[in-house]
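Structure, as structure tokens:
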Amino acid sequence: MSDFDWKRISKHGDKIALAVLLLINVLITPNFLQLQTLFVNISQVATIAIVAVGMTLVIATAGIDLSVGAVMAVAGALAPLIFLSDFAQANPALGLTLSIVVPILVALACGLFNGLLVAYLGVQPIIATLIFFISGRGIAQVLTNGNLQTFNHPGFSYLGTGKILGLPFQGWLVVVIAIVFWYVVNRTMFGRRILAVGGNENAARLTGTPVRKVKTGVYVISAGLSGIAGLIVVAINSASDAARIGNLMELDAIAAAVVGGTLLSGGRAPIFGAILGAVIIQLVKYTLLANGVADEVALIAKAAIIVLAVYVQQGRKE
Amino acid sequence: MQPLLRMQGINKSFAGVAALTSAELEIAPGEVHAVIGQNGAGKSTLIKILTGVYRKDSGDIEFEGNPLNAQSPREAQDAGIATIYQELSLVPLRSVTENVIMGYEPRNKLGLVDWKAAHTRSREILAGFGITIDVTQPLGSYSTAIQQLTAIARAVSLNARLVIMDEPTSSLDDREVETLFGVVRALKDKGVSVIYISHFLDELFHICDRATIMRDGQTVAVREIAESTKLSLIADMLGRDPEEIAAAGMTDLGGGVRETGELLLEAKDLKTDRNLRDVSVSVHKGEIVGLGGLLGSGRTEAARAIFAMDKLRNGFVRTTARPNGFSDPADAIRSGIGFLTEDRKAEGIVPEMTVRENMTLALLPKLIKNGAIDRERETEIVEKFVKALGIKLASIEQPIRELSGGNQQKVLLARWLALEPDLLILDEPTRGVDVGAKFEIQSIIREYVEKGVGVLLISSEFEELVEGADRIVVLQEGTSVTELQNPGITEESLIGAIAQSHDGATA
Amino acid sequence: MLDTNAFDLRKYLQGNGQSVGVWIALVVVVLFGAMRYDNFTGAYNISSFLNYNSMFIAIALGMCFVIMTGGIDLSVGSVVAFTSVCVAYLSPYGIQVALPGGILAGMAIGSINAFFVIKMRIPPFIATLATMLGAKGGALVIAGRQTISVDWTSNFTKFGMENVGGLLPWSIISVAILAVGLWIVLERTSIGRTVEAIGGGEDATRMMGLPVDRAKAFVYILSGGCAGLAGVILASGFGAGQPLEGVGWELSAIASVVVGGTLLTGGMGSVPATVAGALLLGLVFNILNFENGRGVISISAYWQMVVRGMFLFVVILLQARVSRATKKQGV
């Protein structure tokens, strides 16, 4: 009987954790129940959530993408370079479009690189994505020469500061992305095949699934979403610092996906779970920060959450 | 004489399913003892209990007169029981010496491994078996036989009193087999006992003294090899009367040639890297062609080759639509072929997915409407098959892992039936399912065959083949040796053909 | 089964070829540098090169053992930072206290990795990713977010700054001793044999009765200890405990190990070739610095990370080509 209860608790662990977190915050965090708090959290959770959606798809194929933070940095470094260029100053509308489209295309190319390494060369996902994990950020810094790029560009900043119906733009973007990918996972052949590849690669191949294409696809998506997240971070800050954009994002994203119920062994892609996971990760960070706990202690807390979440998951499997 | 090993009343069950029911095994000192049985008879479970990989539920094990209850392979090894595994558990990248003495290295005064002494020692050990090779070379640079002999040498150097060999000859050529037999005889001369597990029955007559035959988790017979024939051993394994088999084997096989439909698929001279040497088979519309043979005869490998899972080294597969065969499984599926795998868990089900998702996995490309899966049609199809096949479940949205084996198998069968295939390759379609489900699955297959589907049926159950197939292609060691025609096939005649062809090939 | 063995053999030969290759590459790069730059073979360049790269050799050695078991340790960079801070506090007591102290601190984090991987059965990359985060946080916490200056009056900084015979820094000597020790461990002790056997097949190794869990614990604690040594070198060589250092070092370590011919899937590796791999990677940077100095090319420090990535990429391509070639054989 107690065993049964435990299973049930661990199944809804994410929701319980969220409730507990909210309760703690209401009780101890000053000014928690303010609209401003909500905005701050939405704008910060958005990037984690967007990247976590891509990470969820990758993990669903039993892979991992460590390069998300670095890809964010590449995209985030590129955007200001483009819209601050002379050409973009001369053609504002085209410049703005290009500053959004080009970084995302570059991000997709990074994803393609990862995907080809994993799917066609058979490199383990950890190693394959480790290449960009480090060199991606280096590329971003080379692009900007390591300089902090500050700017005042209302059009671009809308990505990070705009509001629709009173709520931050990127909050809506998360909702749209989540719905789109929920649809992809649950309603399209590609989504079904992602789950099949992660759930049982042999069975997938035997039923005619193009395993390599599916694997490549998820890395491309993950990188594309990371690119979007990179743009948002830059837009929020009205500044681009290649050394900091998306730093340690891979951990947040993996944690969000795992807390949300994604199995590291593959075969499951709970998109809304990942969003919930991202909210929990963000709330933990916020709770610690708002209560005067130092950043670095928050790092340790995050490490503990990851280990705990994976451990609980392992237990659930057995 | 007191036996070296005595296992009595061994019971073991996995998740409530009995794998062994009071199984027994007795080995005399210096004896080469075969353990044989069909797949799932309990051989490997029994051995794994002996070597400490599994724990027995109950029963007694006595080794050299003392009770033995190995909790780990290491304990079994220390007690004097060494296992040479099917998959070599050696490190091919390191030298022969290292492999011989790993874990028991001679040390010098500093407590470090003394390689000079180690090389000398391993050279001596190998010389004891008449093998003289450069022991400083990496093990992987020698043939599989030498590697296996090294594993045996390692075991003996650890003062093993009992050496267990699991399918030792499965990848050896004839000359290497002879070398191995020499080593087995040398072991016997040294007074070391050997448990010999093999599905090549002919080998037993060369080197074994006695055989323990297992069936359905029980020990059914212990035979003196000198007093047995292959036929009698097979009869024991299958639980049949040897005289009936022998009698049937001598009767005229094959009745009148049946009228068959158009040719669906022709495979000729198939050879792959997976122990498939030379197999030819063809399937016509509305016909069930059986692939008969013992375990390891190349039945599954032939199916894999046809379905383009393994690369052909020789021969061809062709259909009317695809004169050059298939490029990959997806291509085979597109041209109307389904392949129900024998390994439901490893290659069949996607455990986390629902019944609905599992059933339509191969059908997906045909379910796309406006870029998305047509869920209505999907559900409709799934429900139709759930009903038609009598699949018992709470909901089609249930994860497939929650279903019983028989119902999982029906879902997988439906996966292929839903494609409306021309040809179905069914590899052990009724393995591991209960009697009721088995009967149902068989009648579903028959129903589809009557509609014109061609079936290539692989089964370890001779009854299923004999009653189900119109023709049976008999395989033996990766080669198709003969073909039997129904009506007129009896189980005994099939077994006779399988045993007969063995006689001809090995000697 | 025949195929499997042939496959392993090819891997072996290729791996051997590659470690021969790394030595040749090393010689070529040294000759190139010696002929092209005046100061390349100067005592200053040699000693500072060895001093700096001793840290990378140390973590590469630990990583080599972890990778041989089929695992990975992503925490080494953070552990270097963490221990550099720890030993900065220990520096007043002298190197005789700080050196073992730093190594122990690294081993402590290595034990946490071992606990996560072996007892909690968390996949190595997740476990070590978490400790990477934790160690980084820990370093910042105890350092109070700043670099911690070491005690210059004790003998602590000699370890990272003084050269024996004007050429060999103490740091490289300590790492050389470590390398020889580990070489002996790998080639001459049963724990070393077990480590390689695990990578060849964990279940098979267990079946052979070898102590798998003990060997796995050994490699993670060893890797932590090696990172600890690197932390001591960092603090004594730069005169400060640096909580923000070590970012991306794990990649350098992995690249060095891989270029040394160790298979990323585990099972075989070589201590000398790993050292050679780390030296080669260091030399590439050394040469780039010289080129920069000559004004032929102008590349910023940021290129370092890009070059590391490309280095790893090339090595992976080499390894992948081999495994693909063998796949074509139909394994």
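As given, the protein sequences belong to chains A, B and C, one line each in that order.
For the first sequence, position 296 matches number 296 in the numbering used here, and the numbering has no gaps at all.
To convert a position in the second sequence, counted from 1, into the numbering used here, add 1000.
To convert a position in the third sequence, counted from 1, into the numbering used here, add 2000.
We put the CB at the ideal spot given by N, CA and C, even for glycine.
Asked                                                                                                           : Found
Residue range of the beta strand (DSSP E) that includes B/ASP1470                                               : Neither: B/ASP1470 is in no beta strand (DSSP E) and is coded neither H nor E.
Reference A/LEU251, options A/ILE228, A/VAL234, A/GLY277, closest by Cα                                         : A/GLY277
9 Å Cβ cutoff, C/THR2194 in contact with chain A                                                                : no
Element boundaries [beta strand (DSSP E), containing B/VAL1455]                                                 : 1454 to 1458
First through last residue of the beta strand (DSSP E) which encompasses B/VAL1283                              : 1276 to 1284
B/ILE1207 to C/THR2069 span [Cα, whole Å]                                                                       : 39 Å
Exposed unless 16 or more other CB atoms sit within 10 angstroms - verdict on A/ALA93                           : exposed
Within chain A, the residues that B/VAL1350 reaches when beta carbons sit closer than 8 Å                       : LEU195, ALA196, GLY199, ASN200, ALA203, ALA204, GLY267
Contact list for C/ARG2188 against chain B, beta-carbon separation under 7 Å                                    : LEU1112, VAL1113
Where B/ILE1368 meets chain A, residues with beta-carbon distance less than 7 Å                                 : MET189
Cβ pair count under 8 Å reaching 3, the stretch 112 to 119 of chain A against the stretch 175 to 195 of chain A : no
Span of the alpha helix (DSSP H) around A/MET189                                                                : 189 to 199
Span separating the alpha-carbon of B/LYS1345 from that of B/ILE1498                                            : 29 Å
Neighbour flag for C/ARG2308 against chain B, beta carbons, 9 Å                                                 : no
B/SER1044 at chain C interface by Cβ criterion, 9 Å                                                             : no
Pairwise C-alpha distance: B/SER1282 and B/ASP1358                                                              : According to the sequence shown, residue 1358 of chain B is Asn rather than Asp. Each residue's Cα considered, the two are about 30 Å apart.
Inter-residue Cα distance where the pair is B/LYS1366 and A/GLY54                                               : 27 Å
Same chain only: Cβ atoms within 7 Å of B/GLY1504, ignoring 5 sequence neighbours per side                      : Because B/GLY1504 sits at a pLDDT of 44, beneath the cut-off of 50, its placement in the model cannot be relied upon, and the following sentence gives the value as read from the coordinates. Nothing listed; no residue qualifies.
Contact with chain F by C/ILE2184, beta-carbon distance below 9 Å                                               : Reference to chain F is not applicable here, since the protein chains of this structure are A, B and C.
Near-chain A residues of the stretch 2064 to 2076 of chain C - C-beta to any C-beta below 8 Å                   : ILE2072
Listed by chain order, chain C residues near A/ILE127 by CB distance under 9 Å                                  : ILE2072, ILE2254, VAL2258, LEU2264, LEU2312, ILE2316
CB contact check: B/VAL1165 to chain A, cutoff 9 Å                                                              : Looking at the sequence itself, residue 1165 of chain B is Met, so the reference to Val does not match. Judged by the 9 Å Cβ criterion, B/MET1165 is not in contact with chain A.
Euclidean distance between Cα positions of A/ALA88 and A/LEU96                                                  : 7 Å
Closest Cα partner of B/ASP1057 within the set B/GLN1071, B/GLY1406, B/GLU1064, B/GLY1436                       : B/GLN1071
Sub-9 Å separation of B/VAL1449 and B/GLU1287 beta-carbons                                                      : yes
Reduced DSSP category for B/HIS1199 - H, G, I as helix; E, B as strand; rest coil                               : coil
Endpoints, the alpha helix (DSSP H) within which A/ILE362 is located                                            : With chain A covering only 1 through 318, there is no way to say anything about residue 362 of chain A.
For C/TYR2163, the nearest candidate out of C/PHE2032, C/SER2047, C/ASP2038, C/ALA2025 (CA to CA)               : It is Asn, not Tyr, that sits at residue 2163 of chain C in the sequence shown. Nearest of C/PHE2032, C/SER2047, C/ASP2038, C/ALA2025 to C/ASN2163, Cα basis: C/SER2047.
Contact set for B/GLY1182: own chain, Cβ-Cβ below 8 Å, skip 5 residues either direction                         : PHE1129, GLY1130
Minimum C-alpha distance to C/GLY2277 - residue among C/SER2054, C/PHE2032, C/ARG2036                           : C/SER2054
Contacts of C/GLY2261 in chain B (Cβ-Cβ under 7 Å)                                                              : The contacting residues do not exist; C/GLY2261 stays about 11 Å from chain B at best.
Contact set for C/VAL2213: own chain, Cβ-Cβ below 7 Å, skip 5 residues either direction                         : Here the sequence assigns Asp to residue 2213 of chain C, which means Val is not the residue at that position. Excluding positions up to five away in sequence, the list reads ILE2118.
CB contact check: B/ARG1074 to chain C, cutoff 9 Å                                                              : yes
Residues sharing a beta bridge with A/PHE272, DSSP                                                              : Its beta-bridge partners do not exist; DSSP assigns none.
Interface residues of chain A facing C/MET2305 [CB-CB closer than 7 Å]                                          : ILE134, SER135, ARG137, GLY138
Whether B/PRO1067 touches B/ALA1028 by CB criterion (9 Å)                                                       : no
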